[in-house]
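Step one of this worksheet: look at the structure below.
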Amino acid sequence: MGVLKTGITKNSLHEVYMATDRMNENWRRVREQIEAIWSDHEFGDKEMKKARGNLKKMVELIHEKTGEPRNDIMQKIIAFI
């Protein structure tokens with residue numbers, strides 16, 4: 001097993017890529033769920049990326065778009081994550 005100049009083994013680098021792929025797939029799944037539940041509203045790429053990985057920001061974004069109570073939004077998101 002070779003060690004790269006950064007001190008990271010090729011195996012470790014592969015694990016990083018695999019974890020990144022899983023995180024991206026999870027994000028796609030979460031985004032699809034949000035767009036399905038709140039299909040009457042449009043969510044732009046830029047605003048979704050700003051809220052990515054931050055539940056509070058995501059709830060606020062959906063609340064701003066829909067006017068739905070934050071508690072209801074939170075319950076719906078928690079049900080699918």
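Per our numbering, the very first residue in the sequence shown carries number 1; after that it's consecutive.
No residue lacks a Cβ here, since even glycine has one placed at the ideal position from N, Cα and C.
What you are looking at is a predicted structure, and each value in this text was computed from that prediction instead of being measured.
Quick one: is Val59 buried, meaning 16 or more other Cβ sit within 10 Å of its Cβ, or exposed?
In the assembly as shown, Val59 is a buried residue. Its beta-carbon has 16 or more other beta-carbons within 10 Å.
Taking Glu64 as the reference, give the member of Glu42, Asn24, Ser12, Phe80 with the closest Cα.
Glu42
Under the rule that 16 or more other beta-carbon atoms within 10 Å means buried, what is Ile81, buried or exposed?
exposed
Restricting to Cα atoms, I'd like to know which of Met18, Glu15, His14, Met48 is closest to Val30.
Met48
Beta carbon of Ile37, beta carbon of Lys10: below 8 angstroms?
No, the pair does not count as a contact, with Cβ atoms beyond the cut-off.
Exposed or buried, what is Leu61 when buried is set at 16 or more other beta-carbons lying within 10 Å of its beta-carbon?
buried
Neighbour-count burial assignment, Ile73, 16 or more Cβ in a 10 Å radius:
buried
Excluding sequence positions up to five away, which residues of its chain have a Cβ less than 7 angstroms from the Cβ of Trp27?
Arg52
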